Structure formats: C-alpha cells, structure tokens
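Protein chains in written order, with the working numbering: chain A, 1 to 14; chain B, 1001 to 1259.
Printed below as a string of structure tokens:
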C-alpha cells in the first residue's frame, strides 16, 4: 500500500 | 508603514480563491522587494508559496519588513467584492495589527474601504532548495484541472509518469482504472490561450500523488492559461502558475510512497 509522506519531512526549517 | 497598490485587483481575488481552501491562516511577508507568503496545509502534506514582486505594483512602499497575518477565508470574502477592473490598495501599520484594503473602480467613481484585524501567526518557514527537476511539463492549465477532476471519479491517487513520448496520468479504484496520456504538441497558432504540451526531460519520472491536493491546486487555474509541473523521483512535485508578470504561485506536494 502507498503511504502519504509529509512536506516538512523534505524541507528543513529555514 | 506598508502600502501597495495593485492596478489589476482581480489578480488578488484569483490568488485568494486559489489558496483559501488549502490554508486557513497565513503571513504575508512584506519587504522592499515585494510580498511573499509560505504556508502548509493543516496536514503538512502540501505547501503553497506565493511571490509578488514590488515592481508589479504601481505604488509600493515598505519602510521595514513586516509580516501581516490574515485569515485567508475572511480575506477571500472581502476580496470577492473587488470589481474585475478595480485597483486594490493594501495598507498596514508597522506592527500589522490592522490591515486596510481599498478598492477603486477604474473611473474613480466608487471607492470602498475594508479593514481586517491582523493575526499573530507563528508559522514555520521551510527552506526549499533550488532544484533541477528531472521532468518539467508545461501544459494548458484548464487541461490539467480537467484531468484531476476526471481521474477523481476513479480513485484518490494519480500516478504521473513522464517519458520522452509524453506524460500520462493514471488512477485506479474499486470501479476500475483510468489513464490519460498527453503527447507533446505545439501551441495552436502561437495563441497564448491555446498553449500546447511541452516536456523537458532529463530523466523519466513516475510518482504517485493524492488527487485531493492536486485538485486544490487547480483552483489557481483562472490565474494563467498554462501551468508547469516539475517532478523528480523521490521528492515533492511543484505545480506553478504565473501571477501576471509579477511573480508566481507554487504548490508543493509530498509524494505517496510504497509502504
């Protein structure tokens, strides 16, 4: 099954 | 103080329509170079990034950087009152507590003034690296909206695949499957309103995304006749619509991956 990833897991806080 | 006058007020109306269902509260970050906004949806699956450069306004004054926090649903209700040919002026005091929106009709015969209470929004700003994407698809924005709507009938996930032949959008669900393939095509008579499909391909990409979020992004369709979809395997996709010739609105969406 496919799971939804989170956007903030890809981009670190600036 | 902050004061900016946008001659094409309908641009602001279209921007608010594009983001109000995805993001509830957001900061408009104002500096001498323009206005930017970055916000995630409540589930942290997608991110919207707006840029409006100062030179796109016919008057722009920002004495010091301020963040104006606003409830986008409230703002969209006010901005819906903008006539299509109205100019919009935004003003705020130095702490952004009170925001004034003024709409002027083209002939100056009607002026309306609205005030919105600024919000103190503690939002995390993400650092998005500039990326060379493996596949960049440019296509008519209305076609992209239609594909998202049509495939939503079948399933909740779309697999977007690019090859040198073209781009396919595929979905499957309990009812069955659906697949829409687009080949590269030239614009019709170089008509900006009938753009073609073009694909810049460094490497083929195949990734899965939630149709629900892509459908939210297509609320930006009235902003521009074309949309650009940038993808690389294993990273979020970017859906970009130009905002006049003054900037852009970009939507980032995290992929669905195999468990």
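Glycine included, every Cβ here is placed at the ideal spot set by N, Cα and C. Every value quoted in this text rests on a predicted model; they were computed, and no experiment measured them.
Around the CB of residue 1042/B, fewer than 16 other CB atoms lie within 10 Å, so the residue is classed as exposed. Looking at the backbone, the Cα of residue 1063/B and that of residue 1214/B are separated by about 37 Å.
In the DSSP secondary-structure assignment, residue 1226/B is bridged to 1140/B. For residue 1123/B, no alpha helix (DSSP H) segment is defined, and its DSSP state is neither H nor E. Under the Cβ criterion of 8 Å, residue 1259/B is counted among the residues facing chain A. At a cut-off of 8 Å between beta-carbon atoms, residue 1254/B makes contact with chain A. By the criterion of a C-beta distance shorter than 7 Å, residue 1256/B is surrounded in its chain by 1157, 1208, 1209, 1210, once the five residues flanking it on both sides are discounted. Close to chain A, meaning a Cβ-Cβ distance shorter than 8 Å, are the following residues of the region 1156-1180 of chain B: 1157.
The continuous stretches of beta strand (DSSP E) do not include residue 1064/B, and DSSP gives it neither H nor E. Boundaries of the beta strand (DSSP E) harbouring residue 1034/B: 1034-1040, taken from the DSSP string.
For residue 1259/B, the three-state secondary structure derived from DSSP is coil. For residue 1090/B, the enclosing beta strand (DSSP E) covers residues 1087-1092.
Assigned with DSSP and collapsed to three states, residue 1217/B falls in helix. Looking only at 1251/B, 1079/B, 1103/B, the smallest Cα-Cα distance to residue 1217/B is reached by 1251/B. No residue range can be given for residue 1185/B, since it is assigned to no alpha helix (DSSP H) and is classified by DSSP as neither H nor E. For residue 1075/B, there is no enclosing beta strand (DSSP E); the residue is part of the alpha helix (DSSP H) that begins and ends at 1072-1079. Exclusion of the five residues before and after residue 1117/B leaves 1098 as the residues of its chain whose Cβ lies within less than 7 Å of its Cβ. When rounded, the separation of the alpha-carbon atoms in residue 1110/B and residue 1165/B is 53 Å. Around the Cβ of residue 1081/B, a 10 Å sphere holds fewer than 16 other Cβ atoms; the residue is exposed.
Residues of the region 1211-1244 of chain B with a C-beta less than 8 Å from any C-beta of chain A: 1235, 1236, listed in chain order.
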